[in-house]
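Chain order of the listed sequences is A and B. Mind the numbering: the first sequence is residues 1 to 242 in the working numbering, read in order. Mind the numbering: the second sequence is residues 243 to 340 in the working numbering, read in order. C-beta: ideal position from N, C-alpha, C; glycine also. Owing to the predicted nature of the structure, the values given are computational and were not obtained by experimental measurement.
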Amino acid sequence: MTAEAISEGRPASDFWDGVRLSMPVVVASAPFAVLFGALAVDNGFSVLEAFLMSAMIYGGASQMVGIELFGQHVAPWLIVLSIFAVNFRHVLYSAGIGRRIAHWPLLQQALGYFILTDPQFAVAEARAVSGKPVGFVWYLGLGLPVYLFWVIESGLGAVFGKLIPDTHALGIDFLLPIYFLGLVLGFRKRPLWLPVVAASAAASIIAYKTVGSPWHVSIGAIAGVLLAVVLPPHHSGIGERP
Amino acid sequence: MSTTFWIILAGAIATYLTRVGGHLVISRFENIHPRVEAGLNAVPAAVLTTLVAPAVLGAGPAEWAALVVTALVSLRGGLMSMFLAGAAVLILARQFVG
């Protein structure tokens, strides 16, 4: 309770706490925002449409899939369905983070779910696990810079896309896996961490080779979650609580 | 309004539904079963792993070196230091391995 009282009493420092944690995300996602803007224009989007897609959907992988299919003149309903499929993992994030932010006012929750990306969920969940409160101001400090940079850089990529240098030498195609690995390892003290990671890794790789992307994400995730559900409760450390 | 605009709008609604849907389903239950809670606690590791594993499999020596350094730094350092260390190793290794 003490921690909460201190933390809730200093909203400005809470906000900047969040901003500090957002910086790796801003750096890692910047190349993808620019790349998205450039590819969107390449595939027949206007600059405004590229900008709108980033502002309204705000989900990198799904946007990439969307413009790729659009460029191949796939039926609109199938493009929307594919965007939904790529983003389906957020259902799990939503169920998980809902436990941490249910006490916020409704409008704040509505906004909170709008910016619920992979890193947003992982960093907020890590904060909750460490016993600190997940307040709206902190959450906004974490999410707002990522959102603003994402939208602005998408627009810049759409306008100046032709000027992108050799992205491979700069390593930007592999920055997100590095960041995500760091996030996975950050949860290593949780009960069942290793079996869950092993199950998800195996299932996602098999699904990637057979069913294909983007379904490997949902299939792999469900495998790991199901394992945690079916293992006897004393393994997960939940049934042991008095 | 153009077809593109409607695709973007429908895609945005579909995406928002995934971001709010899990909470709407779970919050209908008053008590969360311990097994469901165990499943929810497994979500970060389960989902994030699927974003890394296929990429690791398709990678080469430069990427693997970066991941190993990332893992080592993450045992001690914070998120930012492990990310910067991994990125630095990756960029450096790619100058040699390509």
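The Cβ atoms of V267 of chain B and V229 of chain A do not sit closer than 8 Å to each other. Here the stretch 324-334 of chain B makes no contact with the stretch 189-209 of chain A; the two share fewer than three CB pairs at distances below 8 Å. Any Cβ of chain B closer than 8 Å to the Cβ of P105 of chain A would place that residue at the interface, and such an atom is absent. With a threshold of 8 Å between beta carbons, F15 of chain A makes no contact with chain B. Pairing A124 of chain A with R100 of chain A gives a Cβ-Cβ distance under 8 Å. In this chain, N273 of chain B is not harboured by any alpha helix (DSSP H), its DSSP state being neither H nor E. Cβ contact annotation for V34 of chain A (same chain, cutoff 7 Å, sequence separation greater than five): E153, L156, G157 and I164, in chain order. With respect to the 8 Å criterion, T245 of chain B and P76 of chain A are classified as neighbours on the basis of their beta carbons. Leaving aside the five residues that flank G212 of chain A on each side, none in its chain has a CB nearer than 7 Å to its CB.
When CB distances to chain B are screened at a threshold of 7 Å, not a single residue of the stretch 139-153 of chain A falls below it. If you draw a 10 Å sphere on the C-beta of V137 of chain A, you find 16 or more other C-beta atoms in it, and that means buried.
In chain order, M53, I67, F70 and A158 place their CB closer than 8 Å to the CB of F45 of chain A, counting only its own chain and leaving out the 5 sequence neighbours on each side. The beta carbon of W150 of chain A sits closer than 7 Å to those of S29, A33, S54 and Y58, all from its chain and outside the five residues before and after it, given in chain order. Here DSSP, grouped into helix, strand and coil, assigns K209 of chain A to helix. Rounded to the nearest whole angstrom, the C-alpha separation of A335 of chain B and P296 of chain B is 20 Å.
As the crow flies, the alpha-carbon of W193 of chain A is around 14 Å from that of A202 of chain A. For A33 of chain A, the closest Cβ of chain B is not nearer than 8 Å.
With at least 16 other beta carbons inside 10 angstroms of its own, G186 of chain A counts as buried.
Residue burial annotation: P177 of chain A is buried, with at least 16 other C-beta atoms found within 10 angstroms of its C-beta. Secondary structure note for F51 of chain A: its alpha helix (DSSP H) is the uninterrupted segment V47 to M56.
A straight line joining the alpha-carbon of W104 of chain A with that of N283 of chain B spans about 21 Å. Nearest to H234 of chain A by C-alpha distance, out of B:A280, B:A304 and B:A252, is B:A280. Residues of the stretch 317-332 of chain B with a C-beta less than 7 Å from any C-beta of chain A: L321, M322, M324, F325, G328, A329 and L332, listed in chain order. Under the 8 Å Cβ criterion, the stretch 253-269 of chain B counts as touching the stretch 80-100 of chain A, having at least three qualifying pairs.
Fully contained in the stretch 253-332 of chain B are the following alpha helix (DSSP H) runs of length 4 or more, in chain order: 276-283, 285-299 and 303-318. One Cα belongs to V217 of chain A, the other to F338 of chain B, and the distance between them is close to 32 Å. In the displayed model, N43 of chain A falls within coil according to three-state DSSP, outside both helix and strand.
Interface criterion not met: the Cβ of F271 of chain B is under 8 Å from no Cβ in chain A. For D118 of chain A, the nearest beta carbon of chain B is closer than 8 Å to its own beta carbon. In the structure shown, V25 of chain A falls within a helical segment according to DSSP collapsed to helix, strand and coil.
Less than 8 Å divides the Cβ of I115 of chain A from the Cβ of G143 of chain A.
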